[in-house]
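**Q**
In this note's numbering, the protein residues as written are 28 to 281.
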């Protein structure tokens with residue numbers, strides 16, 4: 028490149044070569060992502076591709092459903108679960124590498140309504156009888172749904188509320204029930220209704236952590252991605268400051 032006398036042209040040429048080199052080494056990994064983590068993971072995946080050249084191909088859904096698919100041979104490379112029990116089970120059954128497991132986020136449950144002022148700051152609306160429907164994710168498939176039912180149990184409200192529950196397959200569908208007005212309120216992930224620590228719209232009660240089991244969300248590299256450089260890079264990226272800042276901005280802790 029000695030013939031390039033202009034320093035600006037030389038810099039551009041070097042940058043181009045570096046980009047070509049990065050693209051040549053770039054890989055791809057298929058990631059099964061718990062529905063509650065949709066918004067932050069979309070942002071993280073875009074940053075990850077920009078910063079590393081690797082691509083994360085995302086699928087969103089209920090953790091329980093992903094487990095069934097993984098057990099039946101679905102070629103996912105990484106699972107970002109909504110709990111810690113599913114990745115532990117996957118490691119125990121030899122479907123993933125237990126050594127790669129780590130907690131990427133601790134979730135928060137919120138009772139949310141699209142209507143401003145509808146849900147009070149202490150969740151006393153649950154004790155009222157003038158509402159028709161509350162959306163809850165399937166507790167057998169979605170850890171946030173399980174946390175919601177644990178909350179109702181702790182409050183002694185399960186029998187009273189049960190007949191009015193509209194069940195979502197996952198936390199994404201559960202949010203839609205409330206967002207569309209088909210349910211007056213829903214138990215959802217705080218990340219679905221907040222941005223930078225504030226509710227985007229409506230009203231909500233952040234459920235105290237002592238009313239349900241800790242929603243510890245673990246990641247694990249699955250068998251099809253063992254030795255996959257993109258999978259290794261993404262797991263490392265999720266631990267980095269840039270990804271963690273995104274995760275925290277959506278209401279998660281560590």
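For every residue, glycine included, the Cβ atom is placed at its ideal position computed from N, Cα and C. These numbers come from a predicted model, not from an experiment.
Could you tell me which residues DSSP puts in a beta bridge with residue 285?
**A** Any question about residue 285 goes unanswered here, given that the chain covers just 28 to 281.
**Q** Which class does residue 271 belong to by DSSP, given the choice of helix, strand or coil?
**A** helix
**Q** Give the straight-line distance between the Cα atoms of residue 188 and residue 200, rounded to the nearest whole angstrom.
**A** Roughly 19 Å between the two C-alpha positions.
**Q** Quick check on the burial criterion: 16 or more other C-beta atoms within 10 angstroms. Buried or exposed for residue 266?
**A** Looking at its Cβ environment, which holds fewer than 16 other Cβ atoms inside 10 Å, residue 266 is exposed.
**Q** Residue 193 and residue 162 - do their beta-carbons sit closer together than 9 Å?
**A** yes
**Q** Within the segment 46-95, note down every full alpha helix (DSSP H) run reaching 4 residues or more, in order along the chain.
**A** 65-79
**Q** Taking DSSP as the reference, what is the three-state secondary structure of residue 188?
**A** helix
**Q** From the DSSP secondary-structure annotation, give me the bridge partner or partners of residue 13.
**A** No answer is possible for residue 13: it lies beyond the span of the chain, which begins at 28 and ends at 281.
**Q** Please confirm whether residue 135 and residue 218 have their CB atoms less than 9 Å apart.
**A** yes
**Q** With distances taken from CA atoms, which of 146, 231, 222 is nearest residue 67?
**A** 222
**Q** Nearest to residue 94 by CA position, among 214, 83, 72, 60, is which residue?
**A** 60
**Q** From residue 238 to residue 124, what distance separates their C-alpha atoms?
**A** Distance between the alpha carbons of residue 238 and residue 124 is about 32 Å.
**Q** Just the C-alpha distance for residue 245 and residue 142, rounded to the nearest angstrom, thanks.
**A** If you draw a straight line from the Cα of residue 245 to the Cα of residue 142, it is about 33 Å long.
**Q** Can you tell me whether DSSP reads residue 142 as helix, strand or coil?
**A** coil
**Q** Which of the three DSSP states, helix, strand or coil, is assigned to residue 106?
**A** strand
**Q** Cα-Cα, which of 178, 242, 236, 127 is closest to residue 263?
**A** 127
**Q** State the Cα-Cα distance for the pair residue 279 and residue 79, rounded to the nearest angstrom.
**A** 24 Å
**Q** Is residue 99 buried or exposed, if buried means 16 or more other CB atoms sit within 10 Å of its CB?
**A** exposed
**Q** If you reduce the DSSP assignment to three classes, tell me which class residue 363 lands in.
**A** Residue 363 is absent from the structure shown; the chain starts at 28 and stops at 281.
**Q** Identify, in the order they occur along the chain, each residue of the same chain with its Cβ nearer than 6 Å to the Cβ of residue 203, setting aside the five sequence neighbours on each side.
**A** Closer than 6 Å at Cβ, skipping near neighbours: no residue.
**Q** Do residue 117 and residue 97 have their CB atoms nearer than 9 Å?
**A** yes
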